[in-house]
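S.K.:
Number of protein chains: 2
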Amino acid sequence: MTTPCIITVAITGSVPTKKDNPAVPITVEEQVESTQASFEAGASLAHCHVRNDDGTTTSDPERFGRLVEGLKKHCPGMIIQLSTGGRSGTGRERGGMLPLAPDMASLSTGSCNFPTRVYENSPELVDWLASEMIKYNVKPEIEAFDLSMIFQAVKMQNEGKIKGPLHVQFVMGVKNAMPVDKATFDFYVATLKRLAPDATWTGAGIGKGQLELNRWSLEAGGHCRT
Amino acid sequence: MTTPCIITVAITGSVPTKKDNPAVPITVEEQVESTQASFEAGASLAHCHVRNDDGTTTSDPERFGRLVEGLKKHCPGMIIQLSTGGRSGTGRERGGMLPLAPDMASLSTGSCNFPTRVYENSPELVDWLASEMIKYNVKPEIEAFDLSMIFQAVKMQNEGKIKGPLHVQFVMGVKNAMPVDKATFDFYVATLKRLAPDATWTGAGIGKGQLELNRWSLEAGGHCRT
Ligand SMILES: [Zn+2]
Ligand SMILES: [Zn+2]
Ligand SMILES: [Zn+2]
Ligand SMILES: [Zn+2]
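This is the structure:
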């Protein structure tokens with residue numbers, strides 16, 4: 084491999100609760116503790132969601148702030164990426180933690196369907212989140228749930244709305260969005276290479292597609308994710 | 084070419100108004116008249132939207148009913164396709180004309196961004212529109228604004244929610260959705276062929292992409308559209 088592999092650990096995610104799995108870290112303290120274990124095992128990037136005390140998802144900047152503080156203290160040098168995903172709030176609430184100036188934040192550059200609803204990222208919201216990331220010097224990780232989101236990210240970079248080089252995560256296996264499909268994965272990689280040759284990328288499979296996508300990513304020279 | 088070419092005429096569309104172009108047919112009478120001219124010139128399929136008297140878009144079943152009646156009388160044998168597109172209403176309103184049992188109706192199998200908003204086709208709405216089409220024996224034209232919508236259409240066919248063979252329209256050139264891109268067009272055609280070998284398809288370019296897409300479609304064996 085020519086690029087060093089960045090091992091990503093997703094902290095908690097936005098869906099599972101203690102009811103699904105009692106080991107899921109919910110409080111900020113639990114999250115810091117479990118991330119430190121991954122960090123010591125070699126993970127170099129933490130993708131972070133936060134929860135309310137009752138386990139529901141939130142975009143609360145205060146909680147994100149305590150998480151960032153804990154990670155900086157216990158995992159020095161780890162890349163911190165905060166989620167602006169739509170499960171944790173609506174509209175501009177979703178970017179309320181960007182003034183914390185984390186290293187990175189997720190940014191979906193389009194809308195699509197999710198298992199039971201529309202994942203809404205209106206053009207206006209996408210532009211606003213991107214402008215906040217420029218303002219606070221946060222590098223976006225483009226979450227591409229479908230092909231057009233790659234085109235849209237490149238267009239935004241060309242228009243100066245996103246600072247390059249792009250970093251894109253190809254997300255596959257979310258019900259009603261893009262399934263795990265090797266030919267599509269290869270086309271994603273080729274399209275990004277064609278439109279933005281300096282971009283970096285990674286693959287993220289949801290559920291049982293995760294291991295498969297990690298393998299494809301490694302073989303094709305992308306990053307990996309646990 | 085092995086398949087006969089189906090020339091489609093889009094009646095009015097959902098965006099232009101008399102202010103943009105005084106020749107745009109708005110009343111049902113004007114629509115029937117202009118479609119008859121296209122029919123006599125060789126068009127065999129009419130893709131239909133309807134308007135209120137003030138030119139705004141609507142899904143009003145009464146207006147669609149008068150349009151269908153006029154087309155059946157003046158364009159005998161022409162395939163009538165009614166739009167269930169989201170510019171003309173929200174939620175189940177959009178399928179209120181399906182009991183008219185037109186030959187075909189449009190069906191988007193996912194959500195995406197449009198120039199200024201989210202084009203919302205929730206999983207629940209897509210399933211309901213598809214079930215109404217089965218109930219009234221209406222053949223859907225899948226409107227694929229992005230790659231995952233092709234996968235979703237095939238999945239719905241496999242689950243019995245859409246009666247095969249599929250007919251898919253690849254829509255390119257809508258701002259914030261999929262741009263006009265030849266490599267993507269070729270991948271769309273290859274993907275549909277791989278997943279649903281008996282499917283038919285056509286390409287629709289919006290604005291200045293229209294002529295280009297017609298040419299690609301003809302070369303690759305799809306239908307064409309005026
Ligand atoms: Zn996330
Ligand atoms: Zn990465
Ligand atoms: Zn239409
Ligand atoms: Zn056709």
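Protein sequence lines correspond, in order, to chains Y and E.
Counting along the first sequence from 1, when you hit position 10 you're at 93 in this note's numbering, and nothing is skipped either side.
Counting along the second sequence from 1, when you hit position 203 you're at 286 in this note's numbering, and nothing is skipped either side.
For glycine and all other residues, C-beta sits at the position ideal for the given N, C-alpha and C.
(1) Can you find a C-beta in chain Y that's less than 9 Å from the C-beta of THR85 (chain E)?
(2) Relative to the alpha-carbon of SER142 (chain Y), which residue among Y:GLY256, Y:GLU176 and Y:GLU215 has its alpha-carbon at the smallest distance?
(3) For ALA236 (chain E) and THR192 (chain E), I'd like the C-alpha separation in whole angstroms.
(4) Can you give the Cα-Cα distance for MET216 (chain E) and PRO248 (chain E), rounded to whole angstroms?
(5) Find the residues of chain Y that neighbour PRO206 (chain E), judging by a C-beta separation of less than 9 Å, and give them in chain order.
(6) Closer than 7 Å by C-beta to ASN220 (chain E): which residues in its own chain qualify, once you throw out the five before and the five after it? Chain order, please.
(7) Would you mind listing the beta strand (DSSP E) stretches within the segment 123-184 of chain E that are 3+ residues and don't spill past its ends, in chain order?
(8) Are there any heavy atoms of ligand 3 lying less than 8 Å away from the beta-carbon of GLY148 (chain E), as far as the coordinates show?
(9) Beta carbon of ALA129 (chain Y): closer than 8 Å to some heavy atom of ligand 1?
(10) Using only CA atoms, which one of Y:LYS218, Y:ASP186, Y:PHE270 and Y:GLY148 lies nearest to ALA227 (chain Y)?
(11) When you compare the CB positions of CYS131 (chain Y) and LEU181 (chain Y), do they come within less than 9 Å of one another, or not?
(12) Let's see if you can read the secondary structure: which residues bound the beta strand (DSSP E) around PRO223 (chain E)?
(13) Under a Cβ-count criterion, where at least 16 other Cβ atoms within 10 Å of its own Cβ denotes burial, should PRO206 (chain E) be classed as buried or exposed?
(14) Pull up the distance between the alpha-carbon of THR86 (chain Y) and that of VAL107 (chain E), whole angstroms please.
(15) Helix, strand or coil: how does DSSP classify PHE253 (chain E) here?
(16) Which partner residues of TRP284 (chain Y) appear in the DSSP bridge assignment?
(17) Rounded to whole angstroms, what is the Cα-Cα separation between GLY277 (chain Y) and LEU208 (chain E)?
(18) Does the Cβ-Cβ distance between ASP229 (chain E) and LEU230 (chain Y) come in under 9 Å?
(19) Exposed or buried, what is ARG146 (chain Y) when buried is set at 16 or more other beta-carbons lying within 10 Å of its beta-carbon?
(20) Kindly confirm or deny that the segment 279-296 of chain Y and the segment 102-118 of chain E touch, where touching means at least three C-beta pairs closer than 8 Å.
(21) Less than 6 Å between C-beta atoms, sequence neighbours within five positions excluded: which residues of the same chain meet that for LYS222 (chain E)?
(22) Please report how far the alpha carbon of THR140 (chain Y) lies from the alpha carbon of GLY174 (chain Y), in whole angstroms.
(23) Should ALA93 (chain Y) be listed as close to ligand 1, given that the test is whether its C-beta is under 8 Å from any heavy atom?
(24) How far does the beta strand (DSSP E) with ILE109 (chain E) in it reach, from first residue to last?
(25) Which residues does DSSP list as the beta-bridge partners of VAL92 (chain E)?
(26) Quick one: what does DSSP say ASN297 (chain E) is sitting in, helix, strand or coil?
(27) Would you call GLY125 (chain E) buried or exposed, if buried means 16 or more other Cβ atoms sit within 10 Å of its Cβ?
(28) Is any heavy atom of ligand 3 found at a distance shorter than 8 Å from the C-beta of SER117 (chain E)?
(29) Note down the Cα distance separating ILE150 (chain Y) from VAL111 (chain Y), rounded to an integer number of angstroms.
(30) For HIS250 (chain E), collect the residues of the same chain with a Cβ closer than 6 Å to its Cβ; drop the 5 residues on either side in sequence, then sort them by chain order.
(31) Within its chain, find whatever has a CB closer than 7 Å to the CB of GLY305 (chain E); leave out the 5 residues flanking it on each side and keep chain order.
(32) Between the segment 256-264 of chain Y and the segment 252-263 of chain E, are three or more C-beta pairs nearer than 8 Å?
(33) For PRO262 (chain E), would you say it is in contact with chain Y, using Cβ-to-Cβ distances shorter than 9 Å as the test?
(34) Is it the case that the CB of SER142 (chain Y) approaches a heavy atom of ligand 1 more closely than 8 Å?
(35) I'd like to check one pair, MET239 (chain Y) with ASP210 (chain Y): are the Cβ atoms closer than 9 Å?
(36) Would ALA273 (chain E) pass as an interface residue toward chain C - the criterion being a Cβ-Cβ separation below 9 Å?
M.R.: In short:
(1) With a pLDDT of 39 at THR85 (chain E), under the threshold of 50, the modelled position of that residue is not reliable, and the figure given next carries that caveat. For THR85 (chain E), the answer is no, since every Cβ of chain Y falls outside 9 Å of its Cβ.
(2) Y:GLU176
(3) 6 Å
(4) 14 Å
(5) ASN196, PHE197, PRO198, THR199, ARG200, VAL201, LYS258 and ASN259
(6) Cβ neighbours of ASN220 (chain E) within its own chain (closer than 7 Å, five residues either side excluded): ALA184.
(7) 128-131 and 162-165
(8) no
(9) Judged by the Cβ position, ALA129 (chain Y) fails to qualify as a neighbour of ligand 1 at the 8 Å threshold, every heavy atom of the ligand being at least this far.
(10) For the residues Y:LYS218, Y:ASP186, Y:PHE270 and Y:GLY148, the minimum Cα distance to ALA227 (chain Y) belongs to Y:PHE270.
(11) no
(12) 222-227
(13) With a 10 Å radius around the Cβ and a threshold of 16 neighbouring Cβ atoms, PRO206 (chain E) comes out buried.
(14) The predicted model places THR86 (chain Y) with a pLDDT of 44, which falls under 50 and marks its position as unreliable, so this point remains unresolved.
(15) strand
(16) In the DSSP assignment, TRP284 (chain Y) is bridged to Y:VAL251.
(17) Reading the sequence as shown, one finds Arg at residue 277 (chain Y) and not Gly. Cα to Cα, the separation comes out at about 36 Å.
(18) yes
(19) ARG146 (chain Y) is buried by the Cβ-count criterion.
(20) In short, these stretches do not touch, since the Cβ pair count stays below three.
(21) MET187
(22) Cα to Cα, THR140 (chain Y) sits roughly 15 Å from GLY174 (chain Y).
(23) yes
(24) Unbroken run through ILE109 (chain E): none, as it is neither H nor E.
(25) E:ALA129
(26) helix
(27) exposed
(28) no
(29) In the sequence under discussion, the amino acid at residue 150 (chain Y) is Leu, which differs from the Ile named in the question. Using only the alpha carbons, I get a separation of about 6 Å.
(30) GLU224 and THR283
(31) TRP284, THR285 and GLY286
(32) no
(33) yes
(34) no
(35) yes
(36) Of the protein chains in this structure, namely Y and E, none is chain C.
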